[in-house]
Amino acid sequence: GAGVSQTPSNKVTEKGKYVELRCDPISGHTALYWYRQSLGQGPEFLIYFQGTGAADDSGLPNDRFFAVRPEGSVSTLKIQRTERGDSAVYLCASSELPGLAPNEQFFGPGTRLTVL
Amino acid sequence: DAKTTQPTSMDCAEGRAANLPCNHSTISGNEYVYWYRQIHSQGPQYIIHGLKNNETNEMASLIITEDRKSSTLILPHATLRDTAVYYCIVRVAGTGNQFYFGTGTSLTVIP
Numbered sequence: 053g054a055g056v057s058q059t060p061s062n063k064v065t066e067k068g069k070y071v072e073l074r075c076d077p078i079s080g081h082t083a084l085y086w087y088r089q090s091l092g093q094g095p096e097f098l099i100y101f102q103g104t105g106a107a108d109d110s111g112l113p114n115d116r117f118f119a120v121r122p123e124g125s126v127s128t129l130k131i132q133r134t135e136r137g138d139s140a141v142y143l144c145a146s147s148e149l150p151g152l153a154p155n156e157q158f159f160g161p162g163t164r165l166t167v168l
Numbered sequence: 491d492a493k494t495t496q497p498t499s500m501d502c503a504e505g506r507a508a509n510l511p512c513n514h515s516t517i518s519g520n521e522y523v524y525w526y527r528q529i530h531s532q533g534p535q536y537i538i539h540g541l542k543n544n545e546t547n548e549m550a551s552l553i554i555t556e557d558r559k560s561s562t563l564i565l566p567h568a569t570l571r572d573t574a575v576y577y578c579i580v581r582v583a584g585t586g587n588q589f590y591f592g593t594g595t596s597l598t599v600i601p
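Chains as they are written, first to last, in the working numbering: chain G, 53 to 168; chain V, 491 to 601.
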């Protein structure tokens, strides 16, 4: 079946611009996660959705970052006033009900964001 | 979630077993050990998980010491396609929270 998909695969933008990154999770997965991965590092957690609500947004670095999941399926990560330090690969993952132990997260291929 | 320690890099000859160690000396009784890997330019991929018993699936085996303070991921017959970064993660099962990936072990399978 279809896995997690992310669009675009690559995004180049200029400093100060606004960007949106999209994630389509596996159908039926209620949990959705965003991670950010810088070169040479492991993925770092940003935010976790359970259904439509953000259950944990403790990883968002500042208020320029925001994510939504209005219908409990597709999610959009939004970055305002981008900075060069935002350049990274943004990964999305989804999983079944997290209350079912132990849940496996399925990752998409990521969106490579480059801020010039 | 408990911190894990892994070697930065390892090499393995093609066709031989790759044994990747992980230390998690502060693991709690309700924390599982997960292994993921990330092939270049792809998202992380689940390999295996376990609580205290050894586990085996079609990809790998997971050996957890009796005191649960360390574990070893075994790829029984490494191929060139197994070249990747391998992450050992411990976390409480059934929670909705994130995985803490660390920097992992970069495994290179040599022809």
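Ideal placement from N, C-alpha and C gives every residue a C-beta, glycine not left out.
query	result
Range of the contiguous beta strand (DSSP E) that encloses G:Thr166	163-167
Residues near V:His539 in its chain [Cβ-Cβ closer than 8 Å; skip 5 each side]	Tyr522, Val523, Tyr524, Trp525, Glu545, Leu552
Proximal chain V residues relative to G:Phe159, where beta-carbon distance stays under 9 Å	Tyr526, Gln528, Gln532, Gly533, Pro534, Gln535, Tyr536
Any chain G beta carbon closer than 8 Å to V:Gly592	yes
Separation of G:Tyr85 from V:Gly533, as counted between CA atoms	13 Å
Pairwise C-alpha distance: V:Glu504 and V:Pro601	5 Å
Every unbroken alpha helix (DSSP H) within the segment 77-108 of chain G, with a cutoff of 4 residues, ordered by chain	none
Beta carbon proximity, V:Gln496 to chain G, threshold 8 Å	no
Distance between G:Glu135 and V:Gln535 (C-alpha atoms, nearest Å)	29 Å
Option nearest V:Leu597 by Cα separation, candidates V:Gln588, V:Phe589, V:Arg571	V:Arg571
Beta-carbon contacts of V:Arg506 that lie in its chain and below 8 Å, excluding the five residues immediately before and after	His567, Ala568
Test item: CB-CB of G:Leu149 and G:Val64 under 8 Å	no
Residues of its chain near G:Asp138, where Cβ-Cβ distance is below 7 Å and the 5 sequence neighbours each way are ignored	Ile131, Leu165, Val167
Within-8 Å CB hit, V:Tyr577 to chain G	yes
Own chain residues within Cβ distance below 6 Å of V:Phe591, not counting five before or after	Tyr577
Interface flag, G:Gly103 vs chain V, CB-CB below 8 Å	no
Neighbouring residues, chain V, relative to G:Tyr70 (Cβ below 7 Å)	Here the premise fails: no neighbours, minimum Cβ distance about 25 Å.
Nearest to G:Asp13 (by Cα), restricted to the options G:Arg88, G:Val56, G:Glu66, G:Ala119	The structure shown does not extend to residue 13 of chain G, since chain G is modelled only from 53 through 168, so no value can be given for it.
Start-to-end residues for the beta strand (DSSP E) that takes in V:Val575	574-582
Local Cβ density within 10 Å of G:Ala145, reported as buried at 16 or more and exposed below that	buried
For G:Leu129 and G:Glu72, the rounded distance between their alpha carbons	6 Å
Residues of its chain near G:Arg116, where Cβ-Cβ distance is below 7 Å and the 5 sequence neighbours each way are ignored	Ile131, Gln132, Arg133
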